[in-house]
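Top line first, the protein sequences correspond to chains A and B.
Residue numbers for the first sequence follow the numbering used here, beginning at 433 and rising by one.
Residue numbers for the second sequence follow the numbering used here, beginning at 79 and rising by one.
As structure tokens, the structure follows; a few thoughts come after it.
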Amino acid sequence: MATAQDVKPVAQVRTSGEMGSHQWGLFGLPAAILLLLVVAYPIVRTVALSFSDMGLSNEFQMEWTGLGNFRRLFSDSRFASGLKATTVFTITSVTLEFVIGLGLALAASEFVRGRGLIRSIFLAPWTLPTAIIAVLWSWIFNDQYGIVNGLLQKAHLLESPIAWLGTPGTAMGVLVLADVWKTTPFVFVVLLAGLQSVPQDLYEAIEMDGGGMWPKFRYVTLPFLLPFLFIALIFRLIQAFAVFDLVYVMTGGGPGGATETVSVYSYRTYMRYLDIGYGSAQVVAMILILCIVAIAMYQLLVKRHERTF
Amino acid sequence: MEPDGTGVWRDLVAKFNSSHPGAPVRLIEGPTATDTREDMYSTAFLARGSSYDIVYCDGIWIAKFAAAGWLADLTARLREDDRRDILPVELQAGEYEGKLYRMPAFTDAGVLYYRTDLVKEPPETFEELTRIARASQTGERWGYLWQGQQYEGLVTVFLEVLWGFGGDWIDSSSRKVLLDSREAVEAVTWLKGTIGTISPPAVTTYTEEATRNNFQNGRAVFLRNWPYVWTLINRRGGEMAANIGVAPPVHAEGEWSTSTLGGWGFAISRFSRDPDRAWQFVEFVTRPQQLREVQQRQGRIPSRRSMIPGRFLPILESARMRPAIPEYAQASDILQRWLSAALTGRVTAEEAVKGATRETWQLLKT
């Protein structure tokens, strides 16, 4: 279990890692080969496929089509609605996760004893496989046998059961809820680590200057927390934007395609419609969007504040 | 294979391995959801792997798998007496461009279950069904249950209604989209009209088992489902079993009743290293003796005419298969999305028919 003391050595590893370039070459070789095989090859191949036609219609021959697939993306209403659903899902779930996660982390950092226990308990949902969580939540919100409808009816708040996963708005709400439940702990743990890296004497300095809660947060906590916020945000944005298992298991993208995310659509295009070129183009488009978002986040959060502080 | 809940497949494989010396056949159980199993096979085929020599195959996969060149041609292997015994529509469902790729094993078709204690004569038309359902439903009991979730089951339900109104979806041979019609709008409108009146609002989230459970617990007058429900209800016996009747799907005045054909059979992978041994197993497992064992333990109905229970035979013989086009999965998804959008009130029936037609036409024009 990591504790406050464990966090600091991370910085030391980074400094001791600066060795001569010839050493890097030698020690880095196995890693480089591994990376090339498992990361570079699939990416290059996917990009190549996205510029070609390959699939059921042409007996899986790779035929160069230039920007054909990307042109098709622009006129594909299903892709547009997938992008919309993905964006709604990402923004709502990540926002909630950060609000709740930061709140929990601030509260937990006040505890000196029992922090390890709190962390372990909160982390439990994060350790479960998403597909299992998806099944769990779809039972909780099942209209006939689900506990939510049962409780609401017992409390006379509901007359007849609600088909939570059967209407677009509530289905998206349940998906967001399940995601928040599962991944808030991740945000919480990362931010808690960030809070623990703040040197306590800085707070004392502010106290001596007569500063209260807000100056402490604004001028001490936040600057130290920013790199952690950035890391957690990038992780969460990428994961939320690429959400697949939760949606696939809970709603299958329904009702009426209202919760079909880009990942689910590209999986179907590639694996079920066997339209491999077009499916790859969807994935490449998604990667591009994520890159833009990540760079924008970096500029906004890290670069700008590096100047301010 | 499907998950082997009853253990019958395990027993049959063991029986084959002990009576037919040679490379042993191994049973691999897949997930319950059939489209996930379809993807499981696709993954193996895309890698040109021989992980599966034998494919337990839904009729709607045939065109795609065969067009992709993943299945072995079985035309010459089929015995003449089998050809005569097996339901013609099931054989047809295993064919692509004139060649047989799948040996039929079990057949399925949509049927209408009703409560004989509440309904004297089963309805024949949509109006009769609505009228009787309204008259017999109570606060605890809905009139009519069907499968309304956005999935393949919704397409099978919709096709029965569409065909019942005299409309059609796609013509497999000319690849023409026939959906844009008055009949299709009527069909969507009728299904939508049942929600909240004779069908529960949550019907748009139901799949087969949810509807069966409700019906079996006495919470509905009519149920649209497959023949397996009959076996399951009768196996439990009791009052419910004595009060269940089976009828063909309803239709519009002056039209015919048509069921959607479902059905499972065995195909052989083109990447199989030992297709002869694979065929040996397929032939063994589709003999009447083995099919009977599955019929008894699982409730499935064999596709051999000689083995089909009398009450289901006329319904099965008049059943229609879904379009045999390689792009079936995509065409079905388009239809499901628009239907689901119409049923949940996001678009009108006309918009759904127009939208689905437009997208399907775009899909098939190339």
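Where is the CB? At the ideal position from N, CA and C, for every residue including glycine.
Considering Cα atoms alone, identify which of A/I465, A/D611, A/I572 and A/S482 is closest to A/F676. Distance from the Cα of A/F676 is smallest, within the candidate group A/I465, A/D611, A/I572 and A/S482, for A/D611.
Please report the Cβ distance between A/V622 and A/F656, rounded to the nearest whole angstrom; I am assuming they are in contact, meaning their Cβ atoms lie under 8 Å. Taking a contact as a CB-CB distance under 8 Å, the pair A/V622 and A/F656 does not count as one, their CB atoms being some 13 Å apart.
What would DSSP say about A/F741, mapped onto helix, strand or coil? The pLDDT assigned to A/F741 is 49, lower than 50, so where the model puts this residue is not dependable; a value taken from the coordinates is nonetheless given after this. Looking at A/F741 - three-state DSSP - the assignment turns out to be coil, as it is neither helix nor strand.
Which parts of the segment 256-336 of chain B are runs of the alpha helix (DSSP H), unbroken and 4 residues or longer, counting only runs that do not cross its ends? Within the segment 256-336 of chain B, the complete alpha helix (DSSP H) runs of at least 4 residues are 260-272, 286-294, 306-314 and 316-320.
Neighbour list for A/G689 in chain B, Cβ cutoff strictly below 9 Å: Residues of chain B passing the Cβ test: Q228, D411, Q414, R415, W416, S418 and A419.
So which of B/T338, B/V235, B/F344 and B/F390 has the shortest CA-CA distance to B/L417? Nearest C-alpha to B/L417: B/V235.
Burial state of B/V91, where buried means 16 or more other Cβ atoms lie within 10 Å: Around the beta-carbon of B/V91, 16 or more other beta-carbon atoms lie within 10 Å, marking it buried.
Going by DSSP in three states, B/M79 sits in which element: helix, strand or coil? Three-state DSSP puts B/M79 in coil, outside helix and strand.
Neighbouring residues, chain B, relative to A/A595 (Cβ below 8 Å): Neighbours of A/A595 in chain B, taken as residues at a C-beta separation under 8 Å, are given in chain order as P279, A280, T282 and T283.
Would you say A/Q576 reaches chain B, if we count a Cβ-Cβ gap shorter than 9 Å as a contact? Taking 9 Å as the CB threshold, A/Q576 lines the interface with chain B.
Please list, in chain order, the chain A residues whose beta carbon lies closer than 8 Å to that of B/G147. Here the neighbours are E491.
Three-state class that DSSP yields for B/V189 in the structure shown: Reduced to three states, the DSSP call for B/V189 is strand.
Leaving aside the five residues before and after B/T309 along the sequence, list all residues of the same chain whose C-beta is less than 6 Å from its C-beta, in chain order. Contacts found: G377.
In angstroms with no decimal places, state the Cα-to-Cα distance between A/A556 and A/T562. Rounded to the nearest angstrom, the two C-alpha atoms are 12 Å apart.
Neighbouring residues, chain A, relative to B/P404 (Cβ below 9 Å): Residues of chain A passing the Cβ test: L488, S489 and L706.
Does any C-beta atom of chain B lie closer than 9 Å to the C-beta of A/G498? Interface flag for A/G498 against chain B is unset, since no Cβ pair is found closer than 9 Å.
Who are the near neighbours of A/V479 in its chain, counting only those whose CB is closer than 7 Å to its CB and skipping five residues on each side? Listed in chain order, the non-local C-beta contacts of A/V479 below 7 Å within the same chain comprise V716, local neighbours out to five positions each way being set aside.
With three or more C-beta pairs closer than 8 Å as the rule, is the segment 394-413 of chain B touching the segment 142-155 of chain B? They touch, by the three-pair rule.
List the residues of chain A that B/S120 touches, going by C-beta distances under 9 Å, in chain order. Result: M703, R704 and L706.
Beta strand (DSSP E) runs contained entirely in the segment 194-246 of chain B, provided each spans 3 or more residues: For the segment 194-246 of chain B, whole beta strand (DSSP E) runs of length 3 or above, ordered along the chain, are 220-223.
Under the rule that 16 or more other beta-carbon atoms within 10 Å means buried, what is B/P201, buried or exposed? Under this definition B/P201 is a buried residue.
Delimiting residues of the alpha helix (DSSP H) encompassing A/L624: In this chain, the alpha helix (DSSP H) harbouring A/L624 covers P600 to Q628.
Buried or exposed, going by whether 16 or more other CB atoms sit within 10 Å of the CB of B/S97? Under this definition B/S97 is an exposed residue.
Can you list the alpha helix (DSSP H) stretches of 4 or more residues lying completely in the segment 539-586 of chain A, in chain order? Within the segment 539-586 of chain A, the complete alpha helix (DSSP H) runs of at least 4 residues are 547-559, 562-572 and 579-586.
Could you tell me which chain A residues have their CB closer than 8 Å to the CB of B/K142, listed as they occur along the chain? What B/K142 touches in chain A: L488 and L706.
Roughly how many angstroms lie between the CA atoms of A/E591 and A/Q585, to the nearest whole one? Whole-angstrom Cα-Cα distance: 6 Å.
Taking the C-alpha atoms as reference points, what is the distance between B/A154 and A/G684? In a straight line, the C-alpha of B/A154 is about 40 Å away from that of A/G684.
Which residues in chain B sit within 8 Å of A/P600, going by Cβ to Cβ distance? The contact set of A/P600 on chain B, defined by CB atoms closer than 8 Å, consists of T422 and R424 in chain order.
With a threshold of 9 Å between beta carbons, is B/S97 in contact with chain A? Taking Cβ atoms only, chain A never reaches closer than 9 Å to B/S97, which makes this a no.
Whose CA, out of B/P81, B/R88 and B/V189, lies closest to the CA of B/P392? Closest by C-alpha distance to B/P392, out of B/P81, B/R88 and B/V189, is B/V189.
Cutoff 9 Å: B/D113 Cβ touching any chain A Cβ: With its beta carbon less than 9 Å from one in chain A, B/D113 belongs to the interface.
Measure the CB-CB distance between B/L301 and B/A265 and report whether it falls below 9 Å. In this structure, B/A265 does not lie closer than 9 Å to B/L301 by Cβ.
On the criterion of 16 or more Cβ atoms from any shown chain inside 10 Å, does B/S252 qualify as buried, or is it exposed? With fewer than 16 other Cβ atoms from the protein chains shown falling within 10 Å of its own Cβ, B/S252 counts as exposed.
B/W439 (DSSP reduced to helix, strand or coil): Reduced to three states, the DSSP call for B/W439 is helix.
Go ahead and pull the three-state DSSP assignment for A/D707. Reduced to three states, the DSSP call for A/D707 is strand.
A/R503 versus chain B: which residues are under 9 Å apart at the beta carbon? Result: empty, since nearest Cβ-Cβ is about 14 Å, beyond 9 Å.
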